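J.: Sharing a structure here in C-alpha cells format.
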Amino acid sequence: MNAIRIHDVTKKYGNVTALDHVSLSFEYGKIYGFLGRNGAGKSTLINIIANRIFADSGEVLIDGIPAKENMRAHEKIFCMSEADLYDTSLKVKEHFKWIGRFYDSFDIEKAFRIAEKFELDTNRRFKALSKGYQSIFKLTAALALEVPYVIFDEPVLGLDANHRELFYELLLKDYEQNERTIVIATHLIEEVANLIEEVVLIDRGKVLVQENVGTLLESGYSVTGLAEEVDAYCNGKNVIGSDEAGSLKAAYVLGDRTPLPKNSHLQISAMNLQKLFVKLTEKGGR
Amino acid sequence: MTKLKSMIQYECMTSARYIPIFYAIEYAVVILVTVMIGIFSGSFENGGTSALEINSLIYVSVLGALGFHEDFKMLIQNGFTRTYIFAAAVSLFCFMCGIMSFVDAVIGNLLHRLLPRYDSLYGAAYGYDHFLANWLWLFTLYLLMCCLLYLIALVIHRIGKHLSLYVGIVLGGIIVLIAAFFRYVLPREAAGKVLEFLMNVMGFMSDGTVNHLLPALTFLVLACVFGAGAYAAIRGTELP
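As C-alpha cells, then:
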C-alpha cells in the first residue's frame with residue numbers, strides 16, 4: 001500500500017532522546033494532524049522524513065522507497081518547513097521559476113494564482129517579506145506542488161485569521177481535486193480539528209496515539225460532578241486527567257462510556273480534540 | 287540528470303551575476319587609489335598595485351564557504367540529496383573559477399604589457415610567455431581555494447564552533463612544529479631535498495628549467511583531496 005512508513009526510528013542529541021523507536025504510517029489519500037507539544041519530536045521526525053537530518057537507527061520508506069539520500073523520492077514528497085531555508089535574496093517569482101525547474105510536478109500558474117489570492121507580491125525578495133508573507137510564500141509553493149505527500153510544519157505561523165481561513169479553504173479545495181496525503185504539524189489544534197481525518201500524537205519522542213479523529217473523540221469523554229461521585233464512577237476506568245474546583249471535579253476518560261448510576265448527579269460530555277491533546281500529553285499517555 | 291542540470295543552472299546563474307559587480311568594485315577601487323596616490327605624490331610613476339588576482343582568490347574563497355552555508359539550505363529544502371548538492375557545488379566552483387581565472391589572466395597580461403611595473407601572481411613567478419598555462423594555473427589555484435574553504439565550512443558545521451577553534455589552534459601548532467622540525471631537527475641535506483621536491487611540484491625543476499603544467503597539476507591534486515574530504519563530510523551533514 002502507498003504510504004510513508006516510519007520503522008523504529010530513533011534519534012538522539014547527546015543525552016536527549018528526541019525520537020524513541022518511533023513507528024507509524026501516513027497512508028496515501030488522507031489528511032493527518034501531526035500533534036505534539038514543543039520539543040515532542042515533531043520537527044525532528046519531519047526532518048528525518050525530508051532527508052534533512054538522519055536517524056540514528058530505523059528507516060523511512062516512501063511508497064517502499066528509502067527516503068534517505070534517494071533522488072527517487074524527490075518527486076514523491078515535499079516538506080514546507082517552519083525554518084527559513086530559501087535563498088533570501090531571490091524574488092518570489094524567481095523562486096517559483098526555480099522550484100518549477102526542480103520539480104516536474106510544480107504548477108507555476110497555480111502558484112501565481114494562489115499568490116494573487118493571498119496578495120503576495122511576487123516581485124518582492126524573500127527577505128523583504130514579513131514573517132506572515134514568508135509563511136504564505138512557503139505554503140503557496142507547497143500547494144502548487146502536486147506530489148503525493150506534502151508535509152506542512154506550522155503552516156500558518158504569523159498568518160492573520162483571514163489568511164489562515166484562506167489557507168484551509170485552498171487546502172481542502174486542492175485535496176478534493178487532487179487526492180494525496182497531507183500532514184499538518186501544528187499547535188493550533190482546534191483550527192485543524194475539522195480538517196484532519198487522522199491524528200498522530202507524539203510526546204517525548206514516542207507516539208502516543210495514531211487514530212481516526214472521529215474514533216478518538218468518541219472514545220474520550222469528560223465526567224463532571226461531585227468529586228466523590230466522579231471518583232466512584234471512574235474507578236477502574238482509564239482516566240487521563242482531571243480538574244478540580246472546590247468539591248466539584250471533572251475527570252477525562254478514555255474508553256467505553258458506562259451508564260451513570262441511578263440518582264446520579266454526574267454529567268457526561270464529549271471532549272474536543274484540544275482538551276484530549278492537553279490531557280493526554282499532561283499524563284504522558286494512556 | 288535533468289534535476290542535476292537545473293541545480294547546476296541555479297547555482298551558476300544565481301552566483302554569476304555577482305562577478306561583474308565584483309570586478310566593477312575591484313577596478314573602481316584600484317583606479318581611485320591610483321589617482322589619489324598620483325594626486326598626493328605628484329606622480330603616477332609609483333602608483334597602482336600588483337597581483338590583483340589575490341582579490342579574486344579571496345572572492346572565490348568566500349564563495350566556497352558560502353557555497354555550503356547558503357546553497358545547502360536552499361537545495362535540501364527542495365528535496366535534493368547531498369551527492370547532488372556536492373556535484374552542483376563543484377560545478378559552480380569550476381564555472382566561477384573558469385571565468386574569473388580567464389578574466390584575471392587576460393587582465394594580468396594586458397596590464398603587464400601596458401604598465402611594465404605591474405606583475406600578476408603567475409607572471410612574477412613564471413613569466414608572461416604562456417597564457418594558457420597562466421589560465422590553467424589560476425583556475426586550479428582558485429578551485430583549490432574553493433574546495434578548501436568548502437571543506438572547512440563543512441567541518442565547522444559538523445563539529446561546531448568551539449571544537450573548530452581547538453582544531454584551528456592544533457593545526458596552527460602543527461604548522462609551527464613542522465617549521466621548527468625543518469629548521470632545528472631535520473638534517474640540512476634532508477631539508478634541502480624536501481625543498482627541492484616542493485620546488486619541483488611547483489614547476490621549478492632541478493635542472494633550472496620550468497615546467498608550466500606541474501604546478502597546475504599539483505593544485506588540481508590538492509583540490510581533489512580537499513574535494514574528496516568535503517564529499518565525505520557532506521554525506522553526513524545535517525540541517526542545523
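Chain order of the listed sequences is A and B.
Numbering (this note's numbering) for the first sequence: 1 to 286.
Numbering (this note's numbering) for the second sequence: 287 to 526.
Even for Gly, the Cβ is constructed at its ideal location relative to N, Cα and C.
Quick caveat, the model's predicted, so the values are computed rather than measured.
Flag B:A519 as yes when its Cβ comes closer than 8 angstroms to any non-hydrogen atom of the ligand MG, and as no otherwise.
T.: Ligands in the displayed structure: none, and consequently the ligand MG is not present.
J.: Write down the C-beta distance between B:C298 and B:G350 rounded to the nearest angstrom, noting that I regard them as a contact closer than 8 angstroms.
T.: 15 angstroms between Cβ atoms; not a contact.
J.: For B:M293, collect the residues of the same chain with a Cβ closer than 7 angstroms to its Cβ; drop the 5 residues on either side in sequence, then sort them by chain order.
T.: L361, F366, Y370 and A374.
J.: Output needed for A:G284: all residues of its chain with C-beta closer than 6 angstroms, excluding positions within five of it in sequence on either side, in chain order.
T.: With a pLDDT of only 47 at A:G284, under the threshold of 50, the placement of this residue in the model should not be trusted, and no figure is reported.
J.: What runs of the alpha helix (DSSP H), each 4 residues or longer, lie entirely inside the segment 148-223 of chain A?
T.: Counting whole runs of 4 or more residues, the segment 148-223 of chain A contains the alpha helix (DSSP H) stretches 161-177, 189-192 and 213-219.
J.: Quick one: residues in its chain with C-beta nearer than 7 angstroms to the C-beta of B:Y345, no 5 flanking neighbours on either side, listed in chain order?
T.: Within the same chain, B:Y345 has close Cβ partners F308.
J.: Taking a cut of 9 angstroms between CB atoms, which residues from the segment 438-459 of chain B lie near chain A?
T.: The segment 438-459 of chain B vs chain A, Cβ under 9 angstroms: nothing.
J.: By the three-class DSSP mapping on this structure, what secondary structure does A:T10 have?
T.: Reduced to three states, the DSSP call for A:T10 is strand.
J.: Could you give the C-beta distance for A:H95 and A:F126, rounded to a whole number, given that I count them as a contact under 8 angstroms?
T.: 7 angstroms between Cβ atoms; contact.
J.: Should the segment 185-202 of chain A be regarded as contacting the segment 218-237 of chain A, the criterion being three or more beta carbon pairs within less than 8 angstroms?
T.: Contact between the segment 185-202 of chain A and the segment 218-237 of chain A is absent, because fewer than three Cβ pairs lie under 8 angstroms.
J.: Taking C-alpha atoms, which residue in B:L397, B:W423, B:D493 and B:G409 lies nearest to B:L275?
T.: As displayed, chain B neither begins before 287 nor continues past 526, which places residue 275 of chain B out of reach and without an answer.
J.: Among residues of its own chain, excluding the 5 on either side of A:I189, which ones have a beta-carbon nearer than 8 angstroms to its beta-carbon?
T.: Closer than 8 angstroms at the Cβ level, and outside the excluded window around A:I189, lie G33, L35, L273, Q274 and F277.
J.: Quickly, what does DSSP pair A:P66 with across the bridge? List them, please.
T.: Note: A:P66 sits in a beta bridge opposite A:L61.
J.: Along chain B, which residues have their Cβ under 9 angstroms away from the Cβ of A:E69?
T.: Those within 9 angstroms of A:E69 in chain B are T367, R368, T369 and R521.
J.: Any idea what DSSP makes of A:E229, helix, strand or coil?
T.: Reduced to three states, the DSSP call for A:E229 is helix.
J.: To the nearest angstrom, how far is it from the Cα of A:K237 to the Cα of A:S222?
T.: Taking the straight line from one Cα to the other gives about 12 angstroms.
J.: Are at least three pairs of beta-carbons, each pair with one atom in the segment 411-429 of chain B and one in the segment 491-509 of chain B, less than 8 angstroms apart?
T.: Cβ pair count under 8 angstroms is three or more, so yes.
J.: Whole alpha helix (DSSP H) runs in the segment 339-412 of chain B with 4 or more residues, listed along the chain?
T.: Counting only runs of 4 or more, we get 339-363, 368-400 and 407-412.
J.: Have a look at A:T44 and B:E356 and give me their C-alpha separation to the nearest angstrom.
T.: Computed Cα separation, rounded: 21 angstroms.
J.: At a CB-CB cut-off below 7 angstroms, which residues of chain B make contact with A:I53?
T.: Under the 7 angstroms cutoff, chain B gives E524 and L525.
J.: Under 6 angstroms Cβ to Cβ from B:G387, same chain only, skipping five residues before and after it: list those, please.
T.: First, the amino acid is wrong: residue 387 of chain B is Ser here, not Gly. These residues qualify, in order along the chain: W421, L424, F425 and Y428.
J.: Assign B:V462 to buried or exposed, taking buried as 16 or more other Cβ atoms, counted over all protein chains shown, within 10 Å of its Cβ.
T.: Result: exposed.
J.: Contact criterion: CB-CB distance below 9 angstroms. Does B:D390 meet it with respect to chain A?
T.: With 9 angstroms as the cut-off, B:D390 does not count as an interface residue toward chain A.
J.: Whose CA, out of A:T281, A:I136 and A:L129, lies closest to the CA of A:N162?
T.: The shortest Cα separation from A:N162 among A:T281, A:I136 and A:L129 belongs to A:I136.
J.: Quick test of your reading: A:R257 and A:I240, contact by CB under 8 angstroms. State the CB separation rounded to the nearest angstrom.
T.: At roughly 14 angstroms, the Cβ-Cβ gap does not stay under 8 angstroms, so A:R257 and A:I240 are not in contact.
J.: What number of angstroms, rounded off, separates the C-alpha of A:L201 from the C-alpha of A:L254?
T.: Spanning the two alpha carbons is a distance of roughly 15 angstroms.
J.: Is the shortest distance between the beta-carbon of B:Y412 and the beta-carbons of chain A less than 9 angstroms?
T.: Output row for B:Y412: interface = no.
J.: With 16 other CB atoms within 10 Å as the buried threshold, where does B:Q363 fall?
T.: Classification for B:Q363: buried.
J.: Suppose the cutoff is 6 angstroms on Cβ atoms and the five residues either side in sequence are ignored; what does the same chain contact list for B:L430 look like?
T.: Around B:L430: F505, L508 and A509.
J.: Counting only C-beta atoms, is B:S377 closer than 9 angstroms to chain A at any point?
T.: Answer no: the Cβ-Cβ gap between B:S377 and chain A never drops below 9 angstroms.
J.: Verify the CB distance criterion: does B:I362 have a CB-CB separation below 9 angstroms to chain A?
T.: Output row for B:I362: interface = yes.
J.: Looking at the C-beta of A:Y103, does it have a partner C-beta in chain B at a distance below 9 angstroms?
T.: It does; some Cβ of chain B falls within 9 angstroms.
J.: What first and last residue would you give for the alpha helix (DSSP H) that runs through B:Y452?
T.: Residues K447 to A466.
J.: Confirm, please, whether the CB-CB distance from A:I77 to A:P155 is below 9 angstroms.
T.: No; because the gap between Cβ atoms is not below 9 angstroms, this pair is not in contact.
J.: Just the Cα atoms here: how many angstroms apart are A:K262 and A:M271?
T.: About 23 angstroms.
J.: Could you pull out every residue in the same chain whose Cβ sits closer than 6 angstroms to the Cβ of B:V376, ignoring the five residues on either side in sequence?
T.: Cβ neighbours of B:V376 beyond the five flanking positions: none.
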